[in-house]
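Right, one structure below, let's go through it.
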Amino acid sequence: MSKDKKLGKGLNLLFGGKDDVPSDEVISVDRVNDGNEGSLKKQRLLELSLAQIYPNKEQPRKSFDEDAISKLAASIRTEGVVQPVLVRMKDNRYELISGERRWRAAQKAELKTIPAIVVDADENRSMQIALIENIQRQDLNPIEKAKAFLNIVNKTGCTQEELSERIGQDRSTLANFMRLLDLPVDIQEAVSRGTISMGHARTLLSVNGEKLQRELARKIEKEGISVRNLENIVKRLSRKSGKKTETSKDAGIAELEAKLTNFFGTKVTIETGRKRGRIVIDYYENRQLNDILAKLNIVV
């Protein structure tokens, strides 16, 4: 199954439609109003005041290209808004589910209203739809994707495997993106900027120690070394230090890490030694810590 078809399937799992949604049919009036059992209910197509709409704080996309928005605004001035934005009613206003670029561009074009599909969707479904729509349009950088995946896992309590089925992405793909959040913040920012690629970042994850990770990251940005060259450098450093990288971890330990990661819904690392070891469970907010404690039957 191709990547686009999987994403189409992901939308159908949310809307309750069939399995053959074209990849470029992100969320149209017909798709939302398909009438199938399990789809979003009470859909309405309205012309809403821009002032009535506000952006979703859980929007996966955090950075917007102002030049691209200006170009879109110029198009909107002459052609209007071709595709409605998707919103839900919340606190007597309308929260954007998808279409923030169109909403921003419409404001820049000094429009007063914008066509909008109003749907009933809870917060979890809203996040999932926004994520799928952005993935389909390839609008998210790797760090935005990683944070969006983690946000859904944390807020819905689903496993990576369950999320992968919902959004039509392989579980291994989700895990690879979410592991990027184990990198130092400054390296994550470089990945967001595009000065360090996903391939570079995955190789840096196999390096022991943030200091060395940062040194190699600076080398990538300064010298433009390829992923293959970086891998060779890491191998040489590994042989020199006599330490194994994460990629050489025992298959049984790696499998157990994956199972624990799925169970807790967050990164779990097993560090082994000759006679002892430790298990490290990462968490990124207090709510996630409480969920971990609950799964361990620990009452605080």
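Numbering that gives the first Met the number 0 applies: residue 0 is where the sequence shown begins, and numbers increase by one.
Every residue, glycine too, gets a C-beta built ideally from N, C-alpha and C.
- Secondary structure note for ARG87: it is in no alpha helix (DSSP H), and the uninterrupted beta strand (DSSP E) holding it is 84-89.
- For ARG43, the three-state secondary structure derived from DSSP is strand.
- Taking a C-beta distance under 8 Å as the contact criterion, PRO83 and ALA115 qualify as a contact pair.
- In the structure shown, the three-state DSSP call for THR194 is coil.
- Taking C-beta atoms as the reference points, ALA67 and ILE96 fail to come closer than 8 Å.
- Beta-bridge analysis with DSSP links SER48 to THR112.
- By the neighbour-count criterion, in which 16 or more other beta carbons inside 10 Å mark a residue as buried, GLU188 falls on the exposed side.
- ASN175 sits close to ARG201, with the two beta carbons spaced by under 8 Å.
- In the three-state DSSP reduction, SER163 falls in the helix class (H, G or I).
- For ARG60, there is no enclosing beta strand (DSSP E), since its DSSP letter is neither H nor E.
- Residue nearest to GLY193 within the set GLY79, GLU143, GLU57 is GLU143 (criterion: CA-CA distance).
- Close CB contacts of GLN127 within its chain, under the 7 Å cut and outside five residues either way in sequence, are with LEU13, ILE151, ARG165, ILE166 (chain order).
- DSSP places SER171 in the uninterrupted alpha helix (DSSP H) bounded by 170-178.
- Here DSSP, grouped into helix, strand and coil, assigns GLY79 to coil.
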